[in-house]
Amino acid sequence: MPQNHVQALLTSNKLDDRSLLLTLEELHRDLGDPIYPAVFLALYNIELSTATAKHYWQEATRYRHHGDTVHSLRAIIFDYLYTRTNELEDPRIVSAIQLDKLKQCAITDGLTSLYNQSHFKQELEKLIFLYSDRPGAVFSLLLFDLDHFKQFNDRCGHLRGDRVLAEVGEIIQTQVPKDALAARYGGEEFAVILPETGLAQAIILAEKIRAAVERTRFDGEDRLDKGNLTISGGVASFPAAGKTTVSLIAHADSKLYDAKITRNSISPRPSDSRGIIRHAFRSIVEVSKKPSGQICSSLSSDISYTGILLKTPQPSEVGEELELRFPFPFWPDDHATSGQVRHIRNKDARGAYLIGIEFCQPQVDFIEKVLPEEIYHKAGL
247 MPQNHVQALL
257 TSNKLDDRSL
267 LLTLEELHRD
277 LGDPIYPAVF
287 LALYNIELST
297 ATAKHYWQEA
307 TRYRHHGDTV
317 HSLRAIIFDY
327 LYTRTNELED
337 PRIVSAIQLD
347 KLKQCAITDG
357 LTSLYNQSHF
367 KQELEKLIFL
377 YSDRPGAVFS
387 LLLFDLDHFK
397 QFNDRCGHLR
407 GDRVLAEVGE
417 IIQTQVPKDA
427 LAARYGGEEF
437 AVILPETGLA
447 QAIILAEKIR
457 AAVERTRFDG
467 EDRLDKGNLT
477 ISGGVASFPA
487 AGKTTVSLIA
497 HADSKLYDAK
507 ITRNSISPRP
517 SDSRGIIRHA
527 FRSIVEVSKK
537 PSGQICSSLS
547 SDISYTGILL
557 KTPQPSEVGE
567 ELELRFPFPF
577 WPDDHATSGQ
587 VRHIRNKDAR
597 GAYLIGIEFC
607 QPQVDFIEKV
617 LPEEIYHKAG
627 L
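Following our numbering, the residues of the sequence shown are numbered contiguously, the last one being 627.
The structure is reproduced here in structure tokens:
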């Protein structure tokens, strides 16, 4: 776009007037008259029609050579606008770099450096408009809310709370892809737009953010009743969850409300989304029951980030919670988690039970290590 080219030129201190003019002439040959309004927008944040901007440019540059004096390009344009037009009634000299910083400040949150709610909603509306003309196109929206953050502020103080918000903003920014837009939605709420991302993959990304916040040690979190600061999130995808800004946000917000009932969770859960792919992976898993702690060695049959299918000589009941340990070197590293028994098949010829277990928390990071990268990404994980 002309604006991007011109902005880059005018924010560069390496181009003198002669080089700048020559470069703009080259751009004009490639892009035509639209470069003229781009120049005035970049220099003075003035929006002009193409015809008006071209007229001002031609008139201003005519006065650049006066006698034996060659005036500064930027100065002569400023003088022309101020003395011969009504475009600059109360001028303030602002460099292009300063102007760019001012624009950035207007759309970002000062505490977290993420985008602010206003810019987030504008970009969401743009994306909806763009995707509405693309059959089959999808994108997803994530809404997050820190759990018991009022308790944290009351017990640790608002200054420490502000540091936590900034840290969470960094965590979110590092977990999402480069084309995502992350924003502070308000207070302790955050939002993320994920272009070209369906529901299943969006839930995985939301889960990675939840897990990253859970394992981060925040200064003062030991004062919370649960001793650990966590986050909950709701996920909505366009167009299934809505085709307007209001409906999409409302859907994500309702899912966030569901997640806040249990806290430290994502709604929908990964197991609620369709198309979960399980992969055959046979290795030793140590299973123990609560409260006895008796350990039984079992053999995995298949695995996904939401659960595992085990062959075990130890009987279980549907709904029973089990502790699972994945010992090294049978697995990439020593790993432990818990899960609930969801279904049980009868004994096989050797007397082993086949039990399906859903992990209490999706094991996204662990499964990335277990499965070869090409398989993991082919599955859309």
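Note that the Cβ used here is the ideal one computed from N, Cα and C, for glycine as well.
**Asked** When we look at the beta-carbon of Lys424 and count the other beta-carbons within 10 Å, is it buried (16 or more) or exposed?
**Response** Exposed is the call here.
**Item:** Closest Cα partner of Leu287 within the set Glu305, Leu327, Glu272 and Gln397
**Value:** For Leu287, the nearest C-alpha among the options comes from Leu327.
**Asked** Looking only at its own chain, which residues have a Cβ that is under 6 angstroms from the Cβ of Ser513, when we skip the five neighbours before and after it?
**Response** The answer, listed in chain order, is Gly480, Lys501, Asp504 and Ala505.
**Distance, Leu266 Cα to Ala321 Cα** = One C-alpha to the other measures close to 14 angstroms.
**Request:** Compute the minimum distance between the beta carbon of Phe398 and the heavy atoms of the ligand GTP, and state whether it is under 8 angstroms.
**Result:** With respect to the ligand GTP, the structure offers nothing, as it holds no ligand at all.
**Asked** Residues bridged to Cys542 by DSSP?
**Response** In the DSSP assignment, Cys542 forms a beta bridge with Val533.
**Message:** I need the straight-line Cα distance from Asn510 to Cys542, nearest angstrom please.
**Reply:** Distance between the alpha carbons of Asn510 and Cys542 is about 30 angstroms.
**Prompt:** If Gln540 sits next to Gly565, beta carbons under 8 angstroms apart, how far is it from one beta carbon to the other, in whole angstroms?
**Reply:** Rounded, the Cβ-Cβ distance is 19 angstroms, inconsistent with contact.
**Asked** Since Ile195 contacts Ile603 with CB under 8 angstroms, what's their CB separation in whole angstroms?
**Response** Residue numbering for the chain in the displayed model covers 247 to 627; residue 195 lies beyond these limits and cannot be assessed.
**Request:** Please state if the CB of Glu563 and the CB of Ser584 are separated by a distance shorter than 9 angstroms.
**Result:** Going by beta carbons, Ser584 and Glu563 fall outside the 9 angstroms limit.
**Prompt:** For His525, which three-state DSSP category applies?
**Reply:** Strand, per DSSP.
**Message:** In this structure, how does DSSP classify Ala486 when only helix, strand and coil are distinguished?
**Reply:** Judged by DSSP in its simplified three-state form, Ala486 adopts coil rather than helix or strand.
**Request:** Check the C-beta distance from Glu453 over to Pro608 and give it rounded, since I have them as a contact under 8 angstroms.
**Result:** Confirmed, about 5 angstroms.
**Request:** Determine whether the Cβ of Phe572 lies closer than 9 angstroms to any Cβ atom of chain D.
**Result:** Of the chains in the structure shown, none is chain D; there is only one protein chain.
**Request:** Would you mind reading off the limits of the beta strand (DSSP E) that contains Gln363?
**Result:** Looking at the DSSP string, Gln363 is not in any beta strand (DSSP E); the run it does join, the alpha helix (DSSP H), is Gln363 to Ser378.
**Request:** Flag this pair as yes or no: are the beta carbons of Val533 and Thr558 separated by less than 9 angstroms?
**Result:** It is a contact, given that the beta carbons lie within the stated cut-off.
**Item:** Classification of Asp465 by the beta-carbon crowding that lies within 10 angstroms, buried from 16 upward
**Value:** Under this definition Asp465 is an exposed residue.
**Item:** Alpha-carbon to alpha-carbon, Tyr361 and Phe484
**Value:** When rounded, the distance between both Cα atoms is 21 angstroms.
**Asked** Does DSSP classify Ile450 as helix, strand or coil?
**Response** It is helical.
**Message:** Within the continuous alpha helix (DSSP H) that includes Thr307, where are the two ends?
**Reply:** First-last of the alpha helix (DSSP H) with Thr307: Thr296 to Arg308.
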